[in-house]
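Adding 261 to a residue's 1-based position in the sequence shown gives its number in this note's numbering. What follows is a set of notes on a single structure, which appears directly below.
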Amino acid sequence: MWEREVNRVYAIEIMDNNSEILEYNEPDIPVKATITTQEEYMQPMVNHWHNDFEFIHILSGEMWYCVDGVKCRLTAGQMIFVNSARMHYGFWEDVYKCRFSCTIFHPGMLDSKLSHKYLEAIAGKTMPAFLILRPEIMREKEIMDMVEKLNITTREKKDGYELEMMSLIYRICFLLKDLVKAAPEVISYVDAKKLEAMHRMTGFIQQQYQQKISLNEIAMAGLVSRSACCQIFKKFLGKSPVEYLTEYRISKSVELILGGKNSMTDIAMLCGFGSSSYYAETFHKILGCTPTEYKMKCRM
């Protein structure tokens, strides 16, 4: 995933099924905790998913978050909880100078017969895709405080921090269980099946983006019809399969540009564009500059 145009760039590595490869703070503890700013990211972003729970806390400014095709505006003080295995990405429509914390942990940390039934109550396929947490609501603020404490504990690594991390994660999940249960919107079984098809189709694009791909092939990967394929992409990603494929190819080309080992012509071919001129035209349409201009700006 690539976000806003600045000197430093953050990339998200994506697996073959379009799930994100997360870099945890500690290799043996599946928790990721960061504090960052809007300026450290670039656009466009690639819609992705992972099995982890994700919390984004807006410390200052504003940003938008899209989860399973639903867009919501987040303002300073608010936090969004993104449930496991949901398609999501954040973006900005204007320069808000947004600063935010990101806290991610894998629910498998609590894996046991006892915890499984409680995790199913939070992350089951028919559970809400996301929740917006607000500091003015006491039970929501309690979760926010626990998440921020987990973020700090993970980054500071004081004596005994591993035990405190586990304690906080259990507490967060306990509080989430009741909050998710009370949430008014619950995804239907039909939508859950569509999300599974979405994962298969985006995974196919991830694997085959270097080749010529037809709409029929994308639909077949999801075991759905062409029309259903387009409807599912529109529902969860807000764009057509072809638009998603094009943006994904551009994001992969950005990785190669930053790698500095390939010519622009080679990059165009490696990323599935038929010609370097079409690649440059498409790149400019999406990012507002040519690939060469982009490379020069990133070197500044």
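Every residue gets a Cβ at the ideal spot worked out from N, C-alpha and C, and that includes glycine. In this text the structure is predicted, and so the values were computed from the model without any measurement.
Discussion item. Let me make sure I understand the geometry here. Which of Phe544, Pro502, Lys496 has the alpha-carbon closest to that of Val515?
Written reply: Closest in alpha carbon position to Val515, among Phe544, Pro502, Lys496, is Phe544.
Practice prompt. Under 8 Å by Cβ, that's how I've got Ile430 and Leu371 pegged, so tell me the actual separation to the nearest angstrom.
Written response: Between the beta-carbon of Ile430 and that of Leu371 there is about 7 Å, and that keeps the pair under the 8 Å contact cut.
Worksheet item: Within 10 angstroms of its Cβ, does Asn477 collect 16 or more other Cβ (buried), or is it exposed?
Response: Around the beta carbon of Asn477, fewer than 16 other beta carbons sit within 10 angstroms, so the residue counts as exposed.
Discussion item. Please state the DSSP three-state secondary structure of Ser321.
Written reply: DSSP places Ser321 in the strand class (E or B) of the three-state scheme.
Discussion item. Please report whether the beta-carbon of Val515 lies at a distance below 8 Å from any beta-carbon of chain D.
Written reply: No chain D is present in this structure, which holds just one protein chain.
Worksheet item: Would Ala444 be called buried (16 or more neighbouring beta carbons within 10 Å of its own) or exposed?
Response: It is exposed - the Cβ of Ala444 has fewer than 16 other Cβ atoms within 10 Å.
Fill in: Assigned exposure category for Gln339 - 16 Cβ within 10 Å defines buried
So Gln339 counts as buried.
Discussion item. What does the alpha-carbon distance come out to for the pair Lys454 and Thr387?
Written reply: When rounded, the distance between both Cα atoms is 10 Å.
Worksheet item: According to DSSP, is Gly338 helix, strand or coil?
Response: In this structure, Gly338 counts as coil in the three-state DSSP scheme.
Discussion item. Classify Lys418: buried if its beta carbon has 16 or more other beta carbons within 10 angstroms, exposed otherwise.
Written reply: So Lys418 ends up on the exposed side.
Worksheet item: Given 8 Å as the limit, is there contact between the region 347–367 and the region 317–327, that is, 3 or more CB pairs closer than that?
Response: Because the criterion of three Cβ pairs below 8 Å is met, the region 347–367 and the region 317–327 touch.
Discussion item. By DSSP's criteria, Thr298 is part of a beta bridge. Which residues make up the other side?
Written reply: Assignment of beta-bridge partners to Thr298 by DSSP yields Arg360.
Worksheet item: Val485 by DSSP, collapsed to three states: which one?
Response: Val485: coil per DSSP, three-state reduction.
Worksheet item: Between which two residues does the beta strand (DSSP E) harbouring Tyr350 extend?
Response: If you look at Tyr350, you'll find it in the beta strand (DSSP E) that goes 349–352.
Discussion item. In the DSSP output, which residue or residues are listed as bridge partners for Glu457?
Written reply: Bridge partners of Glu457: none, in fact.
Discussion item. Does Phe566 come out as helix, strand or coil in the three-state DSSP assignment?
Written reply: Here the chain comprises residues numbered 262 to 561, so residue 566 is not present and cannot be evaluated.
Practice prompt. To the nearest angstrom, report how far apart Cys559 and Lys522 are at their CA atoms.
Written response: Taking the straight line from one Cα to the other gives about 15 Å.
Discussion item. Can you check which of these residues, Ile296, Cys532, Thr336, is closest to Gln469 by C-alpha distance?
Written reply: Here the closest residue by C-alpha is Cys532.
Worksheet item: Where Thr298 and Phe361 are concerned, what is the direct C-alpha to C-alpha distance, given to the nearest angstrom?
Response: If you take the alpha carbons of Thr298 and Phe361, they lie about 6 Å apart.
Worksheet item: Which of helix, strand or coil does DSSP assign to Trp403?
Response: Checking the sequence shown, residue 403 turns out to be Glu, not Trp. Helix.
Practice prompt. Could you tell me which of Phe316, Thr553, His309, Ala390 sits nearest to Tyr294, measuring between CA atoms?
Written response: The sequence given here has Ala at residue 294, not Tyr. When only C-alpha atoms are compared, the closest one is Phe316.
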